[in-house]
Structures are given as structure tokens and as C-alpha cells.
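In our numbering, the protein residues as written are 33 to 401.
Beta carbons: idealized from backbone N, C-alpha and C, even for Gly.
Inspection log for the structure reproduced underneath, given as C-alpha cells.
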Ligand SMILES: Nc1nc2c(ncn2[C@@H]2O[C@H](COP(=O)(O)OP(=O)(O)OP(=O)(O)O)[C@@H](O)[C@H]2O)c(=O)[nH]1
Ligand SMILES: [Mg+2]
């Protein structure tokens, strides 16, 4: 019997027969890989060298099964969330899945938030929101997995709480779990970019076990894909535009009531009622914002979607869902969040509406900044 071989990049089981199926690796690539003890499947190879994604679909069932296993394990659970997309990166019911295991909550992608933001305040905000979501983490930490030199606090926490056990890194897709593990491997073993990471959702396909020095493992896991996220409705090129790569420059708009902002052609914000005030938009710097009068907004959108209002780019427009409206009456400083795109902060009482493509969540929350 041949031993099961796994791709070190994504965890998938390697096979050399079916070219179009998961885990395919040409025979000669497999032999070469085995010599170096580093086998990558063809999908990872393409992703790593050409940034090309081959679509696969993991089902939510696979993910649920993994979560169900967690409760039975005696392990430390590290839940990574994307601090830029807090609401979109919560795993519903996580606290029920982890049983009695200790939990660390890591707010990753700290680097995309404005530098002016105080870490202490952000950590506090994160703690409060986590508590509301039913999570009871031992510690809450902030990280930037892409940056070297910010891992020492996390490493110390992991050592403190794991007490000679395995460590599971869990979280929804794209929050940076694999990037975080790569950074840990780099700093502890000096190996670069071992696990495959990408801006596309669904990169890691199965568990990846990284041995620790006491015979236990640090385990990377595939992330669940939240269907109510903007990324689900965008093409690959547009995905690049909406995901912030570097520090977001907040954009401030002085609006009178009955004015509207368009976030590209992806979302819309109506200031319906209230005193003239400033609104601050936090979206990736490449997302262009346009202002118009509320009465003309429908017409403006119909005319300019795919043109002035991009993304979606023209060839994606036909498949792009219509915008759906959610109205809110805001009393205190509040963020209106467009899942996976960003948010707008409202300081003073106002009646507003947020529009997002059908299927994408629009919610309000206590202001982050
Ligand atoms: N700006 C920024 N980007 C990050 C950070 N960490 C990860 N990323 C980016 O986020 C994207 C997703 O990272 P991955 O590590 O593949 O995410 P994942 O959670 O492993 O995703 P799945 O394997 O699909 O579950 C990549 O484009 C990373 O470069 C960070 O700290 N800051
Ligand atoms: Mg991953």
C-alpha cells in the first residue's frame, strides 16, 4: 500500500491520475518533490508562481465536520479574524464547537487600518464585540501576518496557553490563517512561504499539520466561505480592487440630507434625514466614491454602473445582482458595514439607507473608530 501523500501548500491528497481533479500532480513533479520532502499539487504550483486560481468548491459540510472535531480534541484554538471585516469573519456558533478548549482571538490585517488608531482601544472594541458574539477568549491580540516582527506576542501567548497540546488555527476564508502560520514558520524555522496563500477565497483545502518541537502540531485549516460577502459576487480582477493591500486612507464627505454616495457600483449610501454632517468612508483606496443627489441616484446608477461606477467592470455587469436597500435610524456614533467591502461612520443622529447587491449583508454596529 502506498502511503498517503499530502500537498504541503494546501493539504489536499496528492494524486497523479486525474488531471482535472483536486490534488493532481504530474509524476515527475511528485518524484522531485519527494526528494526534497516538499510536494505541491498543480493547483498550488499555479497559484504560487502565476497567481492563477483553479476553482474548487469545498462544501460547508467539510467545514462543519472540521468544527465538530474541535470539541473532541484537547487543544488550543486560535480563531483568526480579519479586523477590517470583523462581522464577516465571525464563525457562527464557534463557542459551541470548541467545547472546553481555551481560545485565543487574533484580529489580523491590523496594517490596513489607519495608523492613528490606538491599539488599546481597538483591542477593547474587539473584546466587547467578541463577547457579544458569545466568544470567551483567554486573550485578544492584534497582528499583521504579512509583516515580520509582530509575531512575538502571539507566539508567547500560544506557548502560554497550549500547555503541551496541539494548536488549531481556525477562521473564515481569507482572514490570513496560512499567512500567519507562514510568518511563524519563517521566524521559528527560517523557512519562507511554506504554505500557499492567496487573495482568492478557498486557498487551503484540508488540514496542514506543522510539527512543533515537542511532537505536537500547529494545524492550519480551510476557512468557511461566507456567501453574504461581497467577494462572492465579484470577478478576480475586481476582488483585487476591493481588498485593501495597505493602510486605508479614510475619505471624509460633508453631506446635506438627501445626498447619496456610491462606492463604485457595489454599494450605495443615502443620507435621508438629519443635520448636515461629515461621514467617513473606510474602503480600499482603489474603490472610487461618487456623490449625487438622492432624487437622482437611481437614474445615476442605471446610467453609470459598469462605467463611472466600477467595479463591477462592464463584462461582469450582467451577472451582478441588483442593489437592495436597508434603512436605519442612527442615534449614536455608528458604522454602517457593507460585508467585505468596508464601512461608513455616522457621527450624529440620522436616518440613512445602505444598499448592497442582493445577498450581501448590510448591518450597523458601534463605531470602530
Ligand atoms: N494587508 C494584509 N493582508 C494580509 C494579512 N494577512 C494575510 N493577508 C492577505 O490576505 C489574503 C488571504 O490570506 P491567506 O493566508 O491565504 O488566508 P487564509 O485565511 O489562509 O484563507 P483560506 O486558506 O482560504 O481559508 C492574502 O492575499 C494575504 O496576503 C495582513 O496581516 N495584512
Ligand atoms: Mg489558508
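query                                                                                                                                                                               : result
Roughly how many angstroms lie between the CA atoms of residue 46 and residue 153, to the nearest whole one?                                                                        : 46 Å
Per DSSP, which one or two residues make a beta bridge with residue 309?                                                                                                            : 287
Under the criterion of a Cβ to heavy atom distance below 7 Å, does residue 141 qualify as lining ligand 2?                                                                          : no
Checking the sheet assignment: what are the DSSP bridge partners for residue 140?                                                                                                   : 114
Would you list the one or two residues that DSSP bridges to residue 344?                                                                                                            : Per DSSP, none; premise fails for residue 344.
Taking buried to mean at least 16 other C-beta atoms within 10 Å of its own C-beta, is residue 141 buried or exposed?                                                               : buried
Any idea if residue 120 is buried or exposed, counting beta-carbon neighbours within 10 angstroms, 16 or more meaning buried?                                                       : buried
Just reading off the beta strand (DSSP E) that residue 358 is part of, what are its end residues?                                                                                   : 355-362
Whose C-alpha, out of 82, 55 and 37, is nearest the C-alpha of residue 69?                                                                                                          : 37
Let me check understanding here. Comparing Cα to Cα, which of 401, 128, 383 and 343 lies closest to residue 289?                                                                    : 383
Ordered along the chain, which non-local residues of its own chain (more than five positions away) have a Cβ less than 6 Å from that of residue 42?                                 : 76, 228, 236 and 237
Tell me where the beta strand (DSSP E) around residue 200 begins and ends.                                                                                                          : 198-202
Would you kindly check if the distance between the Cβ of residue 308 and the Cβ of residue 391 is under 8 Å?                                                                        : no
For my contact list, residue 113 and residue 137 are in at a C-beta cut-off of 8 Å; report their separation, rounded to the angstrom.                                               : 7 Å
Please return the same chain residues whose Cβ sits closer than 8 Å to the Cβ of residue 333, not counting the five positions on each side in sequence.                             : 294, 297, 300, 341 and 355
On the criterion of 16 or more Cβ atoms from any shown chain inside 10 Å, does residue 284 qualify as buried, or is it exposed?                                                     : exposed
In its own chain, which residues sit with a C-beta less than 8 Å from the C-beta of residue 249, not counting the 5 before and 5 after it?                                          : 198, 199, 241, 242 and 243
Note down, in chain order, each residue of its chain lying with its Cβ closer than 8 Å to the Cβ of residue 111, except the 5 sequence neighbours on either side.                   : 123, 126, 135, 136, 137, 138, 167, 169, 202 and 203
Tell me the DSSP secondary structure of residue 33 in three-state form.                                                                                                             : For residue 33, the predicted model reports a pLDDT of 42, less than 50, meaning its position is unreliable and no value from the coordinates is stated.
Check whether the region 267-275 and the region 342-353 touch, using three or more Cβ-Cβ pairs below 8 Å as the test.                                                               : yes
What are the boundary residues of the alpha helix (DSSP H) that includes residue 77?                                                                                                : 74-82
What would DSSP say about residue 23, mapped onto helix, strand or coil?                                                                                                            : Examination of residue 23 is not possible in this model, given that the chain is present from 33 through 401 alone.
May I have the straight-line CA-CA distance separating residue 163 from residue 172, to the nearest angstrom?                                                                       : 11 Å
Return the residue from the list 316, 132, 88 and 48 that minimises the CA-CA distance to residue 143.                                                                              : 316
So if DSSP puts residue 252 in a beta bridge, which residue, or which two residues, is it bridged to?                                                                               : 201 and 240
Jot down the residue ranges of each uninterrupted beta strand (DSSP E) in the region 142-185, minimum 3 residues, whole runs only, in chain order.                                  : 171-174
Can you find the residues in the same chain that come closer than 8 Å, C-beta to C-beta, to residue 33, ignoring five residues on each side of it along the sequence?               : For residue 33, the pLDDT reaches just 42, beneath the cut-off of 50, and the residue's location in the model is therefore unreliable, although a value from the coordinates is still provided. So no residue of the chain qualifies.
Quick check on DSSP: helix, strand or coil for residue 381?                                                                                                                         : coil
Can you grab the Cα-Cα spacing for the pair residue 182 / residue 324, in whole Å?                                                                                                  : 42 Å
Tell me the rounded alpha-carbon separation between residue 401 and residue 206.                                                                                                    : 23 Å
For ligand 2, which residues count as neighbours when the test is a C-beta closer than 7 Å to any heavy atom?                                                                       : 209, 210, 227, 229, 235, 236, 252, 254 and 255
Whole angstroms is fine: what's the gap from residue 214's alpha carbon to residue 329's?                                                                                           : 46 Å
Going by C-alpha to C-alpha distance, which of 313, 306 and 224 sits closest to residue 360?                                                                                        : 306
Which same chain residues, not among the five before or five after residue 388, have their C-beta less than 6 Å away from its C-beta?                                               : 299, 370 and 394
Please check the pair residue 133 and residue 109, which I expect to be a contact at CB under 8 Å, by giving their CB distance rounded to whole angstroms.                          : 5 Å
Give me, in chain order, the residues of the same chain whose beta-carbon lies closer than 7 Å to that of residue 179; leave out the 5 immediate sequence neighbours on both sides. : 143
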